[in-house]
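Q: If you scroll down you'll find the structure; I have some questions about it.
Laid out in structure tokens, this is it:
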């Protein structure tokens, strides 16, 4: 999922960085590792087996009091979404297309 027509970099922002990402069943699936205007970068796993996935913001509800993000999709769908490479630009068009938002 690297570069294409209009790649953008998911930026690390203190606002949501480190928030727990949880399913509607209350299970933690990862942490927010970065964000852009239209998506969140979700980190799953522990070193040396960390994985990153882009999740469109429209599928997330943010609870600042609890420091968590509630996702509106199942863990299985998040896990099946394309894995991203740390530090490389994210192609937001490709991410949107995979999630059916294009």
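Residue numbers (this note's numbering): 10 to 111. Beta carbons are placed, not taken as given, at the ideal position from N, Cα and C, and that holds for glycine. In this text, all values refer to a predicted model and were calculated from it rather than measured experimentally.
Residue range of the beta strand (DSSP E) that residue 61 falls in?
A: Residue 61 -> beta strand (DSSP E) spans 60-65.
Q: Could you say which of 71, 79 and 49 lies nearest to residue 62 if we only look at CA atoms?
A: Comparing Cα positions, the closest option is 49.
Q: Closest by CA to residue 81, which one among 108, 102 and 53?
A: Considering only alpha carbons, the answer is 108.
Q: Can you list, in chain order, the residues of its chain whose CB lies under 6 Å from that of residue 22, leaving out five sequence neighbours each side?
A: In this predicted model, residue 22 has a pLDDT of only 44, less than 50, meaning its place in the structure is not dependable; the value taken from the coordinates is given anyway. 44.
Q: From 41, 24, 64 and 99, pick the residue whose C-alpha is nearest to that of residue 89; which is it?
A: Considering only alpha carbons, the answer is 64.
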